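Visitor: Before I ask anything, here is the structure I am working with.
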Amino acid sequence: MLIVAGHLEVDSQDRDHYVRECKPVVEQARRAPGCLDFSITADPIEADRVNIYERWESDAKLEAFRGSGPDGGLSDRIRSAHVWKYRISGTESP
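Be aware that the sequence shown starts at 1, since it is given in UniProt numbering, and climbs by one per residue.
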């Protein structure tokens, strides 16, 4: 299992609009084979921060989505990205 998590920085006056425009990306990802969870949200404290959380069954499923996911100029609006991929060897209840 993989988790992709971190945050993006966009212009603060564009952040909420950016998140709304990401809705089709979230919808497509959640329908994609191998996607276990996918979320793009506005940070409640930092006005220019967009939080990213994805959970995938495998690298192959993640890469298949990355090759087909919509963009529509969204990536051009990212000032910086701080997102990492984590490989999970096991899970358990908290």
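In this text, a Cβ means the ideal position worked out from N, Cα and C, and glycines have one as well. All values derive from a computational prediction rather than experimental measurement.
1) Measure the Cβ-Cβ separation of alanine 42 and valine 19 and say whether it is below 9 Å.
2) Return the Cβ separation of aspartate 76 and aspartate 48 in integer angstroms, given the expectation that the two are a contact with Cβ distance under 8 Å.
3) Grouping DSSP H, G and I as helix and E and B as strand, with all else coil, what is arginine 79?
4) Return the chain-ordered list of same chain residues with a C-beta closer than 8 Å to the C-beta of aspartate 16, the five sequence neighbours on each side being excluded.
5) Can you give the Cα-Cα distance for tyrosine 53 and cysteine 35, rounded to whole angstroms?
Guide: Inspection of the coordinates gives the following:
1) Yes, Cβ-Cβ distance for alanine 42 and valine 19 is below 9 Å.
2) About 16 Å; that fails the 8 Å criterion.
3) For arginine 79, the three-state secondary structure derived from DSSP is coil.
4) Taking aspartate 16 as the centre and dropping the five residues before and after it, the same chain places the C-beta of Ala42 closer than 8 Å to its C-beta, in chain order.
5) Cα-Cα distance, rounded: 11 Å.
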